[in-house]
Each structure stands twice: as structure tokens, then as C-alpha cells.
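What follows is a short report on a single structure.
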Amino acid sequence: MKLGAVTAILSATSVAGFSANNAFVVRSKASSSSLSMMPQSSKTTSSIRSSSDQKFFPFAETTTTKISSSTMLQAEQDGPNVEAEDGSAGVRQLLGVKGASAETDIWKIRLQLTKPVTWIPLVWGVMCGAAASGNYHWMWNPFDPNDRDVMLGLTDASKGFVAMILAGPFLTGYTQTINDWYDREIDAINEPYRPIPSGRISEGEVMFQIWFLLLGGWGIAYGLDVWAGHDIPSVLLLSIFGSFISYIYSAPPLKLKQNGWAGNYALGASYISLPWWCGQAVFGTLDKPVYWILPVLYSIAGLGIAIVNDFKSIEGDRAMGLQSLPVAFGVDTAKYICAGSVTVTQLGVAAYLYALGEPTYAAILLALILPQVYFQATLLLPDPIENDVKYQASAQPFLVFGILATALCVGHHDFSV
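This note's numbering puts the sequence shown at residues 55 to 471.
Below you can see the structure in the form of C-alpha cells.
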């Protein structure tokens with residue numbers, strides 16, 4: 055697989071959605087609104103339920119949360135979700151982002167729960183895994199006359215598309231839905247217009263969607279294993295593992311999101327490692343340590359990305375008992391943990407590529423690290439709370455193309471030498 059050809063196909067996908075909000079696992083929305091602490095007596099809050107009291111193991115959860123402290127978390131918001139006035143409210147609703155229109159069509163509501171805008175990072179990860187396999191074929195590669203087998207290229211394109219459907223609509227959709235289910239009480243305070251707390255979708259309909267996406271995803275994963283001729287169903291095993299991480303991230307008693315280190319690393323791994331391994335397993339093998347080590351290292355950079363989102367959530371996370379790193383260590387320490395995890399990890403990867411005898415790829419990666427360091431110095435470190443969005447929009451494209459460069463290097467390197 056030639057560099058120019060793979061770069062062309064992988065670059066065609068947008069990287070705008072690569073932000074540390076959601077993937078196989080997702081952050082709590084506890085702080086999506088401005089929050090205040092108001093003196094209150096002990097109260098009980100209940101979430102929206104359907105008329106049926108049927109339990110849906112393992113996703114059923116007690117719907118009553120006792121707030122025994124002398125304060126009660128309240129959202130400082132004037133009212134329900136304000137629809138975007140630029141004509142994009144309908145599109146926002148389908149993508150599952152703020153400013154969406156109030157929709158009553160159950161199928162559009164179901165799609166909204168899966169947050170399609172968050173599928174993009176997973177699709178990118180699958181593509182990077184395909185690149186790392188060194189075994190993706192074009193139908194007609196303009197850069198390589200030996201890579202123009204139309205039928206083989208069509209087969210690989212079909213496999214890649216199915217792998218993206220698995221990673222995006224099914225498993226990310228499952229993750230988003232189950233996270234909204236377990237966040238329904240917080241959303242009833244902070245985002246009451248969302249489908250579950252607003253009552254626009256019933257408990258039974260949510261449970262059906264969770265099980266359909268989960269079991270459907272596993273079925274697709276097993277089908278990919280059969281298609282790829284795997285003796286060991288590696289794609290299915292990865293899918294089961296990712297689904298399990300999604301569940302314990304959102305659901306009690308473990309609820310990884312309550313711990314900054316565990317929750318943020320789970321996010322980083324879900325962004326990079328799981329979809330990378332999925333794409334590589336579909337088109338190649340995972341039989342060398344480097345195939346595991348590099349995505350795991352990049353997941354540390356993903357941890358740094360996740361920390362960026364925690365800065366704006368400090369007040370709400372502290373009130374809800376979530377030990378994000380800015381809450382645990384303070385803003386000043388957390389911002390250096392964030393910058394260090396992103397930069398040092400990539401420098402380590404660049405050094406590894408150089409040690410492999412790939413100085414060109416190492417130089418490319420270094421060139422992509424330098425702009426990130428600049429944006430850390432000018433945006434992240436001076437004011438991580440005010441500049442979080444600007445920093446991510448400015449720096450993350452260089453990070454994701456660095457991941458792609460690393461994957462291409464792995465795919466082209468001859469490890470037999």
C-alpha cells in the first residue's frame with residue numbers, strides 16, 4: 055500500500071469531530087450548563103420513566119437519587135434548549151448536538167441519542183488501523199500500478215465500510231445511548247430538553263435501542279471475522295471488550311467517569327486503540343507487540359485530550375463528586391499534565407519510529423508536534439478554561455494526522471528485517 059494512495063483516502067474523512075466528548079465511551083454531561091450551589095433542604099429527585107416498572111437487566115437502575123447534603127445542584131439556565139437560528143437546528147438534531155430542533159419523530163430521536171457527530175473519530179481510527187495493516191488495496195491506485203485489482207479493491211472497500219458501521223453507528227451509538235440513560239438524572243437538571251429526561255422517548259424504547267445496537271454490533275463484528283477468515287474472532291473480542299468498558303464507564307458501581315485517571319484513559323483508548331485494532335484486525339494481524347504498544351501510547355495522548363474538556367466542568371464535577379484531574383489537582387497542575395501527556399507521548403513515538411530506521415516518518419511526526427506545542431504555549435497554558443475550544447480546534451488536527459503518519463509508517467515498515 056503506497057503512501058500517497060493511503061493518504062488520499064484517509065484524508066478524505068473529516069477530523070473536525072475528533073474531540074474528547076464521546077467515542078466507545080463518553081464523558082458525563084454533568085457540567086454542560088453553568089452550575090451553582092443553592093442552599094436546599096434534603097430532597098429526592100426522580101428521573102423520567104415509562105408507565106411500566108419492568109426491569110431491564112443489566113441496564114435498569116434505581117430511578118431515585120437521595121441528595122442528603124445541605125446543597126442542591128441547580129442549572130443556571132433560562133429555560134430549555136434554544137434552537138439555532140442559522141437554519142441548522144434540524145441538522146443539529148440529527149447529529150445530536152446542542153441547538154437542535156425539538157423533534158417528535160421517534161426515529162430522529164433514536165438517531166439523536168446515538169450522536170452521529172461523535173462517530174467521526176472512530177471512523178478515523180478504523181482507517182488508521184487499515185493503514186497500519188499495510189494490506190488495504192485500492193480498486194485503482196494511481197500511485198502504484200501493482201495495486202489496481204478492481205475486485206480486491208472493492209472487497210477491501212466493502213470491509214472498511216462495514217467496519218466503520220460497526221465502530222460508528224452501532225458501538226458508538228450503543229455507548230452514547232447507555233451514557234444518556236445513566237446520565238438521565240443529571241440531564242434532568244442540566245439538559246432537560248434531551249430525549250430521555252424530556253420524556254420524548256420511553257424507557258422501553260431506550261432499552262430496545264441499547265440491546266439492538268449492542269447485539270447488532272457484536273453480530274457485525276463476528277461477520278467481519280468470518281469475512282476476514284479469522285480462526286480467533288478478534289474483531290468480536292475487541293467489540294465485546296469495548297462494550298464492557300463503555301458499560302463500566304457509565305454505570306455504577308464502577309462508573310469510571312468518576313475517576314479522572316481511569317475515565318480519561320478509557321476515553322483515550324476508545325478514541326485510538328480500539329478502532330485502530332479493529333481496522334488492523336480486519337485487514338491484517340495483531341501478532342506483533344508494536345501493534346499493541348503504539349495505540350496504547352497514543353491513548354495516553356488521548357488522556358490529555360480528555361483533560362481539556364474537564365476544565366470547563368470543574369464546578370459541576372466537584373458538586374457531583376466526580377474526581378476529574380482539574381478537580382483533584384487544580385487547574386494549574388492539570389494543565390501541565392494535559393500538555394505533558396500529549397507532547398511527551400508523541401515525542402516518544404517519534405523516537406521509536408527513528409529507532410526503527412524510519413527517520414522520514416519521525417521527522418514528519420516532529421513537524422506535526424511543533425504546532426501543538428505552540429498552541430499549548432499560547433492557548434492551553436495561559437487559560438485552559440477560556441481557550442479550551444480554540445486549543446482543541448487548533449491543535450487536534452495535527453495530532454490526528456500524526457496518528458495517521460504513525461499508522462502509515464507501521465504499515466510500510468518491514469518488521470522481518
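Quick reminder that beta carbons are idealized off the backbone N, C-alpha and C, glycines included.
Keep in mind that this is a model prediction, so the values were computed, not measured.
Does residue i pass the burial test, meaning 16 or more other C-beta atoms within 10 Å, or should it be called exposed?
i: residue 370; result: buried
i: residue 403; result: buried
i: residue 178; result: buried
i: residue 440; result: exposed
i: residue 218; result: buried
i: residue 194; result: exposed
i: residue 342; result: exposed
i: residue 335; result: buried
i: residue 174; result: buried
i: residue 241; result: buried
i: residue 172; result: buried
i: residue 261; result: buried
i: residue 324; result: buried
i: residue 351; result: buried
i: residue 470; result: exposed
i: residue 381; result: buried
i: residue 405; result: exposed
i: residue 140; result: exposed
i: residue 386; result: exposed
i: residue 442; result: buried
Would residue i and residue j qualify as a contact pair, given that the criterion is a beta-carbon distance under 8 Å?
i: residue 278; j: residue 348; result: no
i: residue 354; j: residue 395; result: yes
i: residue 267; j: residue 227; result: yes
i: residue 314; j: residue 364; result: yes
i: residue 423; j: residue 459; result: no
i: residue 317; j: residue 188; result: no
i: residue 438; j: residue 362; result: yes
i: residue 333; j: residue 182; result: yes
i: residue 312; j: residue 375; result: yes
i: residue 176; j: residue 207; result: no
i: residue 329; j: residue 180; result: yes
i: residue 274; j: residue 215; result: no
i: residue 304; j: residue 232; result: yes
i: residue 457; j: residue 286; result: no
i: residue 265; j: residue 294; result: no
i: residue 428; j: residue 416; result: no
i: residue 255; j: residue 246; result: no
i: residue 146; j: residue 138; result: yes
i: residue 167; j: residue 210; result: no
i: residue 213; j: residue 281; result: yes
i: residue 331; j: residue 269; result: no
What would DSSP say about residue i, mapped onto helix, strand or coil?
i: residue 21; result: Residue 21 lies beyond the range of the chain shown here (55 to 471); nothing can be said about it.
i: residue 233; result: helix
i: residue 363; result: helix
i: residue 294; result: helix
i: residue 126; result: Note that residue 126 has pLDDT 34, beneath the 50 cutoff, so the model's placement of it is unreliable and no number is given.
i: residue 133; result: In this prediction, residue 133 has a pLDDT of 46, which is less than 50 and means its spatial position is unreliable; what the coordinates show is noted afterwards. Of the three classes helix, strand and coil, the one that applies to residue 133 here is coil, per DSSP.
Kindly indicate which residue of the options has the alpha-carbon position closest to the one of residue i.
i: residue 434; options: 392, 182, 352, 411; result: 392
i: residue 320; options: 229, 252, 397; result: 229
i: residue 307; options: 457, 236, 341; result: 236
i: residue 357; options: 304, 397, 329; result: 397
i: residue 399; options: 467, 466, 453; result: 453
i: residue 430; options: 212, 359, 462, 366; result: 359
i: residue 310; options: 170, 462, 138, 379; result: 379
i: residue 447; options: 465, 373, 425; result: 425
i: residue 465; options: 263, 191, 144; result: 191
i: residue 284; options: 239, 340, 411; result: 340
i: residue 411; options: 351, 238, 463; result: 463
i: residue 346; options: 196, 461, 198, 243; result: 461
i: residue 455; options: 432, 468, 421; result: 421
i: residue 468; options: 202, 344, 444; result: 344
i: residue 243; options: 301, 388, 373; result: 373
Counting only beta-carbon atoms, is residue i nearer than 8 Å to chain C?
i: residue 383; result: Here chain C cannot be found, since the structure has a single protein chain.
Assess contact between the segment 156-163 and the segment 186-200, defined as three or more Cβ pairs (one per stretch) separated by less than 8 Å. Is contact present? no
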